[in-house]
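Novice: Questions regarding the structure given below will be posed in turn.
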Amino acid sequence: MKVLVADDSRVMRQIVVRTLRQAGFSAWDVVQAGDGAEALAMAQSEQPDLVLSDWNMPEMNGIDVLRSLRAAGSTVPFGFVTSEGSPQMRELADSEGALFLIAKPFDADTFETALRPHFR
Amino acid sequence: MIDTHETLALSVVPIAQDLFTAMIDGEPGLLTPEPATLPVVDPVHAWVDIVGPAHYRALVVTGRATADRLARALLQMADDEDVSLEDVQDALGEVANVVGGNLKGMLPEGSSLTLPVVDVVGPTATRPADHEQPLLWRGDPLVISLWTPKNGEEL
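Residue numbers (this note's numbering), protein chains in the order written: chain Z, 1 to 120; chain C, 1001 to 1155.
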């Protein structure tokens, strides 16, 4: 398994990777992107099995990354990890094809609950 | 009728405490509200704006030494490990981002959140904040304040 973690905050990317490990997904390979445009490019070049993306990023926001991937025919599983978890954003994420939206703050249990139904 | 300003103001402490418990301390009780603002030595400011139909600014201020400790805690570094200025800015920006993002989630649809700005100089302010919440984290002062424009004022 390979996961692409996209967030403009290096600190947050490290926390997401650490939390993945704590939630039991320690065997996954991780690649990282520092903005939305890089996330889109790496989602296509790295062929990850999962994209975990922030919503609010420079260059391209997370929902546009997801839309661009789907428009290009990619079906890569995609989840958001974002500070904004309103019902409207959850609905939008769902309607665009995201598997889940994890709102910050989160802990390992949050990741386990969101990811385990999709990844064993 | 719900007073949005008051609801947001009352939410600052629980939002910040949830953040610190889950992602910084790993346990509750280390970030506590204070009745009055204590002086912040060598301050660092981090803020995000909510823009659109609703307009707010969430500003987090703490001392540089405390910001260093925050970054170490977020990154699970040892107390004596060197932490880069970039990581300190990044960490404090994320605190502002999570506070602002959670507040935005309580507002009507249609607004957006700016990327965090972190600087030793705070945003220009010609008046006191609409709400100022003094806090203590592990004994060090940290202040979260909220602003909303009044009478066409620019934040």
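We put the CB at the ideal spot given by N, CA and C, even for glycine.
Quick check on this structure: which residue in C:Gly1110, C:Leu1113, C:Ala1073 and C:Leu1115 has the alpha carbon closest to the alpha carbon of glutamine 14 of chain Z?
Specialist: C:Ala1073
Novice: According to the neighbour-count rule (16 or more other Cβ atoms, all chains shown, within 10 Å of its Cβ), is leucine 1085 of chain C buried or exposed?
Specialist: So leucine 1085 of chain C ends up on the exposed side.
Novice: Between the Cα of threonine 1021 of chain C and those of C:Val1088, C:Trp1137 and C:Thr1066, spot the shortest distance and give me the residue it belongs to.
Specialist: C:Trp1137
Novice: Against valine 11 of chain Z, what residues of chain C qualify as contacts under a CB-to-CB distance less than 8 Å, listed in chain order?
Specialist: Ala1071, Leu1074, Leu1075, Asp1087, Asp1090, Ala1091 and Glu1094
Novice: With burial defined as no fewer than 16 other Cβ atoms inside 10 Å of the residue's Cβ, what is the status of serine 1112 of chain C: buried or exposed?
Specialist: exposed
Novice: What ranges does the beta strand (DSSP E) occupy inside the stretch 1023-1103 of chain C, keeping only unbroken runs of at least 3 residues that lie completely in it?
Specialist: 1031-1033, 1043-1051 and 1056-1063
Novice: Where does the unbroken alpha helix (DSSP H) through glycine 97 of chain Z begin, and where does it stop?
Specialist: Taken as a continuous stretch (DSSP letters only), glycine 97 of chain Z belongs to no alpha helix (DSSP H), as it is neither H nor E.
Novice: Do leucine 66 of chain Z and serine 86 of chain Z have their C-beta atoms closer together than 9 Å?
Specialist: Between leucine 66 of chain Z and serine 86 of chain Z, the C-beta gap is not smaller than 9 Å, which leaves the two residues out of contact.
Novice: List, in order along the chain, the chain Z residues whose C-beta lies closer than 8 Å to that of glutamate 1109 of chain C?
Specialist: Ser86 and Gln88
Novice: For glutamine 14 of chain Z, would you say it is in contact with chain C, using Cβ-to-Cβ distances shorter than 9 Å as the test?
Specialist: yes
Novice: Report the option in Z:Leu4, Z:Ser45 and Z:Met12 whose CA atom is closest to the CA atom of aspartate 1087 of chain C.
Specialist: The shortest Cα separation from aspartate 1087 of chain C among Z:Leu4, Z:Ser45 and Z:Met12 belongs to Z:Met12.
Novice: With a threshold of 8 Å, are at least 3 pairs of Cβ atoms found where one atom belongs to the stretch 1085-1105 of chain C and the other to the stretch 1025-1037 of chain C?
Specialist: no
Novice: Just confirm the distance between the C-beta atoms of alanine 1058 of chain C and isoleucine 1144 of chain C, as a whole number of angstroms; I'd bet it's less than 8 Å.
Specialist: Indeed they touch by this definition, with Cβ atoms about 7 Å apart.
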